[in-house]
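2 protein chains.
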Amino acid sequence: MQKVILYDTTLRDGSQMEGISLTVNDKLRIAEKLDDLGIDYIEGGWPGSNPKDMEFFKKAKKLKLKHSKITAFGSTRRPHISPAKDANVKALLKAGSSVITIFGKSWDLHVREILKTSLDENLKMIKDTVSYLKSKKKKVFFDAEHFFDGYRHNPDYALSTILTAQEAGAEAVILCDTNGGMLTNDLERVVMEVRPRVKVSYGIHCHNDSEMAVANSVAAVMAGCDHVQGTINGYGERCGNANLCSIIPALKVKLGITSISDNKLKELTEVSHYVAEVCNMKQFDTQPFVGLSAFAHKGGVHVNAVLKRTESYEHMEPQIVGNRRRILVSELSGKSTLLTKAEDLNLGLKKDSPHTKKILKLLQDLEYEGYHFEAAEASFELLLKRHMKKFKKFFELEGFRVINEKDDKGNLYSEATIKVKVKGKVKHTGCEGDGPVNALDGAIRKALVGFYPKLADMHLSDFKVRVLDEKAGTAAKVRVLIQSQDKEKSWWTIGVSENIIEACWQALVDSVEYKLLKG
Amino acid sequence: MQKVILYDTTLRDGSQMEGISLTVNDKLRIAEKLDDLGIDYIEGGWPGSNPKDMEFFKKAKKLKLKHSKITAFGSTRRPHISPAKDANVKALLKAGSSVITIFGKSWDLHVREILKTSLDENLKMIKDTVSYLKSKKKKVFFDAEHFFDGYRHNPDYALSTILTAQEAGAEAVILCDTNGGMLTNDLERVVMEVRPRVKVSYGIHCHNDSEMAVANSVAAVMAGCDHVQGTINGYGERCGNANLCSIIPALKVKLGITSISDNKLKELTEVSHYVAEVCNMKQFDTQPFVGLSAFAHKGGVHVNAVLKRTESYEHMEPQIVGNRRRILVSELSGKSTLLTKAEDLNLGLKKDSPHTKKILKLLQDLEYEGYHFEAAEASFELLLKRHMKKFKKFFELEGFRVINEKDDKGNLYSEATIKVKVKGKVKHTGCEGDGPVNALDGAIRKALVGFYPKLADMHLSDFKVRVLDEKAGTAAKVRVLIQSQDKEKSWWTIGVSENIIEACWQALVDSVEYKLLKG
Numbered sequence: 237m238q239k240v241i242l243y244d245t246t247l248r249d250g251s252q253m254e255g256i257s258l259t260v261n262d263k264l265r266i267a268e269k270l271d272d273l274g275i276d277y278i279e280g281g282w283p284g285s286n287p288k289d290m291e292f293f294k295k296a297k298k299l300k301l302k303h304s305k306i307t308a309f310g311s312t313r314r315p316h317i318s319p320a321k322d323a324n325v326k327a328l329l330k331a332g333s334s335v336i337t338i339f340g341k342s343w344d345l346h347v348r349e350i351l352k353t354s355l356d357e358n359l360k361m362i363k364d365t366v367s368y369l370k371s372k373k374k375k376v377f378f379d380a381e382h383f384f385d386g387y388r389h390n391p392d393y394a395l396s397t398i399l400t401a402q403e404a405g406a407e408a409v410i411l412c413d414t415n416g417g418m419l420t421n422d423l424e425r426v427v428m429e430v431r432p433r434v435k436v437s438y439g440i441h442c443h444n445d446s447e448m449a450v451a452n453s454v455a456a457v458m459a460g461c462d463h464v465q466g467t468i469n470g471y472g473e474r475c476g477n478a479n480l481c482s483i484i485p486a487l488k489v490k491l492g493i494t495s496i497s498d499n500k501l502k503e504l505t506e507v508s509h510y511v512a513e514v515c516n517m518k519q520f521d522t523q524p525f526v527g528l529s530a531f532a533h534k535g536g537v538h539v540n541a542v543l544k545r546t547e548s549y550e551h552m553e554p555q556i557v558g559n560r561r562r563i564l565v566s567e568l569s570g571k572s573t574l575l576t577k578a579e580d581l582n583l584g585l586k587k588d589s590p591h592t593k594k595i596l597k598l599l600q601d602l603e604y605e606g607y608h609f610e611a612a613e614a615s616f617e618l619l620l621k622r623h624m625k626k627f628k629k630f631f632e633l634e635g636f637r638v639i640n641e642k643d644d645k646g647n648l649y650s651e652a653t654i655k656v657k658v659k660g661k662v663k664h665t666g667c668e669g670d671g672p673v674n675a676l677d678g679a680i681r682k683a684l685v686g687f688y689p690k691l692a693d694m695h696l697s698d699f700k701v702r703v704l705d706e707k708a709g710t711a712a713k714v715r716v717l718i719q720s721q722d723k724e725k726s727w728w729t730i731g732v733s734e735n736i737i738e739a740c741w742q743a744l745v746d747s748v749e750y751k752l753l754k755g
Numbered sequence: 237m238q239k240v241i242l243y244d245t246t247l248r249d250g251s252q253m254e255g256i257s258l259t260v261n262d263k264l265r266i267a268e269k270l271d272d273l274g275i276d277y278i279e280g281g282w283p284g285s286n287p288k289d290m291e292f293f294k295k296a297k298k299l300k301l302k303h304s305k306i307t308a309f310g311s312t313r314r315p316h317i318s319p320a321k322d323a324n325v326k327a328l329l330k331a332g333s334s335v336i337t338i339f340g341k342s343w344d345l346h347v348r349e350i351l352k353t354s355l356d357e358n359l360k361m362i363k364d365t366v367s368y369l370k371s372k373k374k375k376v377f378f379d380a381e382h383f384f385d386g387y388r389h390n391p392d393y394a395l396s397t398i399l400t401a402q403e404a405g406a407e408a409v410i411l412c413d414t415n416g417g418m419l420t421n422d423l424e425r426v427v428m429e430v431r432p433r434v435k436v437s438y439g440i441h442c443h444n445d446s447e448m449a450v451a452n453s454v455a456a457v458m459a460g461c462d463h464v465q466g467t468i469n470g471y472g473e474r475c476g477n478a479n480l481c482s483i484i485p486a487l488k489v490k491l492g493i494t495s496i497s498d499n500k501l502k503e504l505t506e507v508s509h510y511v512a513e514v515c516n517m518k519q520f521d522t523q524p525f526v527g528l529s530a531f532a533h534k535g536g537v538h539v540n541a542v543l544k545r546t547e548s549y550e551h552m553e554p555q556i557v558g559n560r561r562r563i564l565v566s567e568l569s570g571k572s573t574l575l576t577k578a579e580d581l582n583l584g585l586k587k588d589s590p591h592t593k594k595i596l597k598l599l600q601d602l603e604y605e606g607y608h609f610e611a612a613e614a615s616f617e618l619l620l621k622r623h624m625k626k627f628k629k630f631f632e633l634e635g636f637r638v639i640n641e642k643d644d645k646g647n648l649y650s651e652a653t654i655k656v657k658v659k660g661k662v663k664h665t666g667c668e669g670d671g672p673v674n675a676l677d678g679a680i681r682k683a684l685v686g687f688y689p690k691l692a693d694m695h696l697s698d699f700k701v702r703v704l705d706e707k708a709g710t711a712a713k714v715r716v717l718i719q720s721q722d723k724e725k726s727w728w729t730i731g732v733s734e735n736i737i738e739a740c741w742q743a744l745v746d747s748v749e750y751k752l753l754k755g
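The listed protein sequences derive, respectively, from chains A and B.
Counting from 237, one number per residue, gives the positions in the first sequence under my numbering.
Counting from 237, one number per residue, gives the positions in the second sequence under my numbering.
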């Protein structure tokens, strides 16, 4: 069984994504998680580019990693200077990692127009830098930047850059599709043409600008690469890097090519979620393999077929990556869907029990009113459990008031007051906010957190509002969906009303109660 | 230059995506947009599956489409019944489209285990259904469901299903990777193997479960397909369908294979946004080609290099798809769009006038804040005309207050008070409503209708709310779109704020002012 080396660059390339900004502590937490998953190399940053990255390398030395090696990233020396005197190369050594990845130019256009030096000098820069780092007992990987664009314009020169690195002692040469513009066929052909010349580890590094980074990475492995670079969730500049959360299972499930162990593969969904959380990004529901919708079935035809034979509408078993099948409750949902869901929740709902009929009726009524439980499974679970009296109310509302004002200078003011009864005590709080919903959200948390401190662990991560009967204009019913998350999971809750504040209130209450129920 | 046929299934497969729920009116708006873009076939829905889809076909007949043909989707007849008596086939005919796409089983497992019929009967079902629809003068396309899984397990049988459809008169056979599990290489090999047997149009339909739908679709075209199915933004069940917003430019830019015209290609970014808006989905920033970040440069090395030579870190010119590079200040595409729009409005805006520059700057600032004028042209027109002092304010706001309460019995109460100055007079009114927005809407109308009686002719006909920066939870910015109509026309207006009441207020004011301006 073939094996590939995994090289993760979430901490460097991934952190270049718009909206991601990682602290040193965030980076350390992600590194530990990647080590636990079984990633071979973790690119920690570019120590020559900013002090935060240097601090990471200092602190990373204290991590007790079981499997991964931390690598430092940087460029070849500048033109006409000795590597020992190049600030960037010095920073690479100062970072102190046992493995160093340097990138060099493989596209003649870049050498001439961006570096503004000669093709020969660029080869010397590669040779000198690799040799120098080898003399310092480092393991060296060579990222051939823009290799594919370079190979298209000047194949001999592109090839000479990686051969130079190889001869100078690099333990791996990596072909980079830096602009992400390669089609799968073309990239595969180049990987095959170059393969006979590579005597060391042979890597691939793809970007997703043509929405092909995963296909390209897998095709490259099939064409002879044994080292794959990518990021968790495909984070990265522009359209992102190759997504390891898809590459790892695609290689394993479709081709039998191993990287992390089968047991660790079962943690992939959780790792994807964890990294999203630390990066403060919402995990895309539609993300292949590990996303919330990846194995969700909605259409009636599909649902019936999946219940008969799971492979009929699934390309693999979701359990392999720690994900799960979800039968979505929707307008089309019948009794069998409800029973399947209840089974998942261990509620012991029987086909002919009076509960089942009542709940089914209630569900149909609610869906008619505009509730949409396929998008709010936490509210669905609470609905079932409330109806089956599986938990006691955590609090009772005595009343709330939300005031929103605008004055003649355009100043806005929002305030919410709320009165709740918790464990026999009445709590009355007020809160200002960025708009009425935010104020209400603040007020409910303020009222409850003293009684239920774990509410401090959760926060709202997504918020959707949909107008249902649009023709009613501003008197239309609105459906509010709120996603909340803590460190382990995320959950959606729902509210429906002609009054948007009331719809938000319902979703907020469910959000909080679900957290309290699950702990 | 090779050409491919584009077949869009956003309205059917796309609407199966979790979180998407389209009204008939939404579907009609999307169909018009796709027609304008130059899509060849628009799959409108499955008329046999629900009454909403049938209503769409009825109303779609009144659309004045310039290029696209609407197609109806459904399955082959059920086992052992004549097509003329099959409810699903009857519904397909009733829909009245000139093109009908039927799907049939190509995987023997599905025939036996899901349909529970014989392999022979399945072939007869395909033959009879195609022949029957041909006898009704329909153009027929055959979607070979699960073709690739079927071909893996029983290639002769899978092949016989498409040959049967072809012999019965189908004008196109489409190989479907229904479960989305195919790797690019394998899919390409099958497309090539089957190609010599196909004498009609040869299609591909991919799903994204392995994150390869775009790569697979492009590879299939390179291997001989001339018909590509997909959806705008890759919407679809589970992990989505093949993304036409990536396939169209990838084929054109990388391979010179045309579909829509180069001029229409420049509208692709706008179409992606528009469809996202109507579906009430956030367009992913990292979406290749058309996403906000697709040509955004963050890394210092990249930025410098891009300023020297754009191709150094970009795989194509963003203008080709109407997108833009995010580090440059001057924006010619923005200016030309603005001038085109101003021309439509007869505002006499000149390329080099100071007005143009100021408005362009203002527009950029507003778009950065989250305004989205392509979905709210009435607000755009008001913005231009206000800036060019083409009309006087119809009223001035002195202030408003909105109160929203809930008591311990669950009773809700909403009230708005408003003070405006109109034609020198101050008017102070109050209004209750179904929720705060409805109350505010009532109050503003009450205050103004005495001065402007024609406001009684208009009403609000649609209302959309989108959360912009979802991660901010209830403190997130929201964008409100309101559609208003009177007897002659309808118009969309927009408001953006962290405060939903304020965002609604902005859209309401524009809605009323537009009516007063247009009479």
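Built from N, CA and C at the ideal position, the CB exists for glycine as well.
Can you check the stretch 467 to 524 of chain A for any alpha helix (DSSP H) of at least 4 residues that lies completely inside it and give the ranges in chain order?
-> 480 to 485, 498 to 501, 504 to 514
Whole-angstrom distance between residue 439(A) and residue 461(A), CA atom to CA atom | Counting from one through the first sequence, the residue named residue 461(A) turns up at place 225. Counting from one through the first sequence, the residue named residue 439(A) turns up at place 203. Cα to Cα, residue 461(A) sits roughly 5 Å from residue 439(A).
Leaving out five residues before and five after residue 398(B) in sequence, what residues of the same chain have Cβ atoms less than 6 Å from its Cβ?
-> On the second sequence, position 162 is the one that residue 398(B) refers to. The answer, listed in chain order, is 380, 409.
6 Å Cβ shell around residue 655(B) - same chain, five flanking residues per side excluded | If you number the second sequence from 1, residue 655(B) lands on position 419. Excluding sequence neighbours, residue 655(B) sits near 634, 635, 664.
Can you give me the Cβ contacts of residue 648(A) inside the same chain, cut-off strictly under 6 Å, excluding the 5 residues immediately before and after it?
-> Along the first sequence, one-based indexing puts residue 648(A) at 412. Hits under 6 Å: 642.
Is any beta-carbon of chain B found at less than 8 Å from that of residue 181(A)?
-> Because chain A is modelled from 237 through 755, residue 181(A) falls outside the range shown and cannot be assessed.
Is the CB of residue 526(B) under 8 Å away from at least one CB in chain A?
-> Your numbering for residue 526(B) matches position 290 in the second sequence. In terms of beta-carbon proximity, residue 526(B) stays away from the interface with chain A, with every pair separated by 8 Å or more.
Residue range of the unbroken alpha helix (DSSP H) whose run includes residue 367(B) = Here residue 367(B) is taken as the residue at index 131 of the second sequence, counted from 1. Looking at the DSSP string, the run of the alpha helix (DSSP H) that includes residue 367(B) is 355 to 371.
Roughly how many angstroms lie between the CA atoms of residue 668(A) and residue 677(A), to the nearest whole one?
-> Along the first sequence, one-based indexing puts residue 668(A) at 432. Along the first sequence, one-based indexing puts residue 677(A) at 441. Going by the C-alpha atoms only, they are around 10 Å apart.
Is residue 308(B) helix, strand or coil when you go by DSSP?
-> Counted from its first residue, the second sequence places residue 308(B) at position 72. Three-state DSSP puts residue 308(B) in a strand.
Thinking C-beta only, is residue 513(A) closer than 8 Å to residue 721(A)?
-> Within the first sequence, the letter at position 485 stands for residue 721(A). Within the first sequence, the letter at position 277 stands for residue 513(A). The beta carbons of residue 721(A) and residue 513(A) sit closer together than 8 Å.
Considering only residues of the same chain and omitting the five flanking positions on each side of residue 603(B), which have a CB-CB separation below 8 Å?
-> Against the second sequence, residue 603(B) aligns to sequence position 367. Excluding positions up to five away in sequence, the list reads 609.
Integer-rounded CB distance, given that residue 407(A) should sit under 8 Å from residue 376(A) = Within the first sequence, residue 376(A) is the residue found at index 140, counting from 1. Within the first sequence, residue 407(A) is the residue found at index 171, counting from 1. Contact holds; Cβ gap of about 6 Å.
Mind listing which residues of the stretch 249 to 261 of chain B have their C-beta closer than 8 Å to chain A's C-betas, in chain order?
-> Cβ contacts with chain A: 252, 253, 254, 255, 257, 259, 261.
Any idea if residue 465(B) is buried or exposed, counting beta-carbon neighbours within 10 angstroms, 16 or more meaning buried?
-> Start at 1 with the first residue of the second sequence, and residue 465(B) comes out as number 229. So residue 465(B) counts as buried.
Examine chain A for any beta-carbon lying closer than 8 Å to the beta-carbon of residue 685(B), and answer yes or no.
-> Here residue 685(B) refers to the residue found at position 449 of the second sequence. By this cut-off, residue 685(B) is not an interface position.
Members of the stretch 475 to 486 of chain A that neighbour chain B once the beta carbon cut-off is set at 7 Å | 475, 476, 479, 482, 486
If you compare alpha carbons, which of 698(A), 730(A), 687(A), 559(A) is closest to residue 617(A)?
-> Here the question's residue 617(A) lines up with position 381 in the first sequence. Comparing Cα positions, the closest option is 730(A).
Taking C-alpha atoms, which residue in 644(B), 700(B), 315(B) lies nearest to residue 357(B)?
-> Within the second sequence, residue 357(B) is the residue found at index 121, counting from 1. Per the Cα distances, 315(B).
Do residue 459(A) and residue 431(A) have their CB atoms nearer than 8 Å?
-> Within the first sequence, numbered from 1, the residue matching residue 459(A) stands at position 223. Within the first sequence, numbered from 1, the residue matching residue 431(A) stands at position 195. For residue 459(A) and residue 431(A), yes; Cβs fall inside 8 Å.
What residue from 276(A), 553(A), 623(A) has the CA that sits closest to residue 599(A)'s CA?
-> Translated into the one-based positions of the first sequence, residue 599(A) becomes position 363. Nearest C-alpha to residue 599(A): 623(A).
Please confirm whether any heavy atom of the ligand ADP lies closer than 7 Å to the CB of residue 309(A).
-> Although the ligand ADP was asked about, the structure shown includes no ligands whatsoever.
Excluding sequence positions up to five away, which residues of its chain have a Cβ less than 7 Å from the Cβ of residue 363(A)?
-> Position 127 of the first sequence, counted from the first residue, corresponds to residue 363(A). So the qualifying residues of the chain are 400, 404.
So is residue 334(A) buried or exposed if we call it buried at 16+ other beta carbons inside 10 Å?
-> Here the question's residue 334(A) lines up with position 98 in the first sequence. Exposed is the call here.
Anything in chain B within Cβ reach of residue 550(A), meaning under 7 Å, just list it in chain order.
-> Numbered from its first residue, the first sequence carries residue 550(A) at position 314. By Cβ distance, chain B contributes 415.
Short CB-CB distance (under 8 Å) between residue 622(A) and chain B = Within the first sequence, numbered from 1, the residue matching residue 622(A) stands at position 386. It does not; no Cβ of chain B falls within 8 Å.
Evaluate residue 467(A) with the Cβ neighbour count: other Cβ atoms within 10 Å of its Cβ, from every protein chain shown; 16 or more gives buried, anything less gives exposed.
-> Taking the first sequence and counting its residues from 1, one reaches residue 467(A) at position 231. Buried.
Buried or exposed: residue 306(A), going by 16 or more other Cβ atoms within 10 Å of its Cβ?
-> One-based indexing of the first sequence puts residue 306(A) at position 70. So residue 306(A) counts as buried.
Which residue or residues does DSSP assign as beta-bridge partners of residue 408(B)?
-> By 1-based counting over the second sequence, the position of residue 408(B) is 172. DSSP, once it has assigned bridges, lists 377(B), 437(B) as partnering residue 408(B).
In chain B, which residues lie with their C-beta within 7 Å of the C-beta of residue 448(A)?
-> Here residue 448(A) is taken as the residue at index 212 of the first sequence, counted from 1. Per Cβ cutoff of 7 Å: 450, 451.
Which listed residue (725(A), 474(A), 621(A)) has its alpha carbon closest to that of residue 579(A) = Here residue 579(A) refers to the residue found at position 343 when the first sequence is read from its first residue. Considering only alpha carbons, the answer is 621(A).
Using the C-alpha atoms, what's the distance from residue 606(A) back to residue 567(A)?
-> By 1-based counting over the first sequence, the position of residue 567(A) is 331. By 1-based counting over the first sequence, the position of residue 606(A) is 370. At residue 567(A) the pLDDT is 46, less than 50, meaning the model places this residue with poor confidence; the figure from the coordinates comes in the next sentence. Rounded to the nearest angstrom, the two C-alpha atoms are 10 Å apart.
Could one say the Cβ of residue 530(A) lies closer than 8 Å to chain B's Cβ atoms, at least one of them?
-> Mapped onto the first sequence, residue 530(A) falls at position 294. At least one beta carbon of chain B lies nearer than 8 Å to the beta carbon of residue 530(A).
Determine the direct distance from the alpha carbon of residue 528(A) to that of residue 263(B), and round the result to whole angstroms.
-> The residue given as residue 263(B) occupies position 27 in the second sequence. The residue given as residue 528(A) occupies position 292 in the first sequence. The alpha-carbon atoms of residue 263(B) and residue 528(A) are separated by roughly 26 Å.
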